[in-house]
Every structure is written in C-alpha cells, then in structure tokens.
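Start counting the sequence shown at -17; every next residue gets the next number (this note's numbering).
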Amino acid sequence: MVAKSRRALFPGTFDPITNGHLDIIRRSLSIVDELIVAVLQNSQKAALFSVAERIELIEGEVKQFSGKVLVRSFSGLLVDFAKNENCMTVIRGLRAISDYDYEAQMALMNKNLNPSIETVFLIAREENSYISSSIVKEAALLGGDISKFVPANIQKAIVRKVTAL
Ligand code: COA
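Listed below in structure tokens is the structure:
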C-alpha cells in the first residue's frame, strides 16, 4: 500500500520570517511531507514588508528544503483557505505560556468554523522563545545587531527598509 502524503499549513504574518519560524518549518518537515507557508494578507498589523516582499523573502529561505515547502498568500478565514488547499492540518509555534490563550482561542474558533481542521503545536526552541518579528524590527530600527535572530538575507532586507524610513 502506498502511504498518503501528509501536508500541513503554517499560517502567519511573517513580517518578516525569523529564525523562530524557520525552526518550526524545519521541524514540521519531520512530521509532514509538504508544508504550505500561508502569508496572511490584510492583517490588522501595520506591515514593514508588502505581502509580495514577504513571500519573496520566505521563498529565498525555504529553498534549502528541496521543494517541500510552498509559499502562498491568503485573505479571509484560515479554514476557508485550508479547505481550498485540501489541507486541514495547521501548524503553529508556541513560544511561551503567554501564547497559549490566543492560540487556544484561535484553534477552538477554527475547529468551530470547520470541525475537520486540526491544529498541531510545536514548542519553540528556547533561543527563539522570546523573539517576534516586531521585536527584531524594533531592535534593527534602534541600531541593534539582529544577526542571531534572522538569516543574513532577511537581516539585509530589514536594515535596508529601516534605513529608508
Ligand atoms: N519563533 C519566533 N517568533 C514567532 C514564532 C516562533 N516560533 N511563532 C510566532 N512568532 C511571532 C511572530 O513573529 C509574530 O510576531 P509579531 O506579532 O511581532 O508580528 C507573533 O509571534 C505571532 O504572529 P503570527 O504567528 O504571524 O500570527 P498572527 O497572530 O500574526 O496571525 C494567523 C495568525 C494568520 C494564523 C491568524 O491571524 C489567522 O488565521 N487569520 C485569518 C483569519 C482567521 O481565520 N482568524 C481566525 C478565526 S476568526
């Protein structure tokens, strides 16, 4: 019998992708065969990078995973995007207990909207447990060294953006 290939979605804002997101992507690939990184359009958050720029930056970073990671954008409900992609498994990273309330609320709302959806949580590695895209951008804006938190190309893109502000 041929095993069915497993796919999952990894949704987020990714403004921009950080080492924390890349760690979740890498570890997800030990659970699923293919991962779709789903970049939310029209987020409530004010973004530094456009959706097209975020996708380009992510694509540059996920090349290392030999075609197992696809990058798409979506708007509207995550459950609708998941249904259209025929992919009802969602991966989310949990950094600290403070993430739990929001993540549980979102997972339960999604389950309510479509009972076929399952959310799988991966605990962030310790060294990524305090980083977020916003805090990395803020550090860069104030002239801090962000090389430990994002890949070199992302660092360059952030520095280029914040110096143009
Ligand atoms: N390492 C480092 N940082 C991490 C991380 C990790 N493992 N996991 C999350 N983060 C950071 C992100 O950088 C982000 O930082 P920021 O707030 O500074 O931008 C923050 O944690 C959480 O953001 P993210 O993972 O991008 O999620 P989000 O809350 O911006 O968006 C969606 C989550 C896209 C899944 C959600 O908003 C969604 O599904 N929206 C569509 C509408 C919908 O269906 N809503 C639910 C039902 S109504």
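From the three backbone atoms N, C-alpha and C, an ideal C-beta is built for every residue, glycine too.
From a predicted model like this one, the values you see are computed outputs, not experimental measurements.
#1: Would you kindly report the start and end of the unbroken alpha helix (DSSP H) that includes Ser115?
#2: Tell me, please, whether the region 118 to 134 touches the region 88 to 99 by the rule of three or more beta-carbon pairs shorter than 8 Å.
#3: Using only alpha-carbon positions, find the residue among Val33, Ile40 and Ser25 that is nearest to Leu59.
#4: Please confirm whether any heavy atom of the ligand COA lies closer than 7 Å to the CB of Val14.
#5: State the DSSP-derived secondary structure class of Val14, mapped to helix, strand or coil.
#6: Is Ile7 closer than 8 Å to Val44 when the C-beta atoms are compared?
#7: What are the complete beta strand (DSSP E) segments, minimum 3 residues, inside the region 77 to 107?
Taking the definition as stated:
#1: Residue 115 sits at position 133 when you count from the first residue of the sequence shown. Per DSSP, Ser115 belongs to the alpha helix (DSSP H) from Ser115 to Leu123.
#2: Contact fails: fewer than three Cβ-Cβ distances are below 8 Å.
#3: Within the sequence shown, residue 59 is the residue found at index 77, counting from 1. Nearest option by C-alpha distance: Ser25.
#4: In the sequence shown, counting from the first residue as 1, residue 14 sits at position 32. When distances are taken from the beta-carbon of Val14 to the heavy atoms of the ligand COA, even the shortest one reaches 7 Å or more.
#5: For the purposes of this step, residue 14 is taken as the residue at position 32 of the sequence shown. Val14 carries a coil assignment under DSSP once its states are collapsed to helix, strand and coil.
#6: Within the sequence shown, residue 44 is the residue found at index 62, counting from 1. Within the sequence shown, residue 7 is the residue found at index 25, counting from 1. In terms of Cβ geometry, Val44 and Ile7 form a close pair [threshold 8 Å].
#7: Restricting attention to beta strand (DSSP E) runs no shorter than 3 residues, the region 77 to 107 encloses them at 100 to 105, ordered along the chain.
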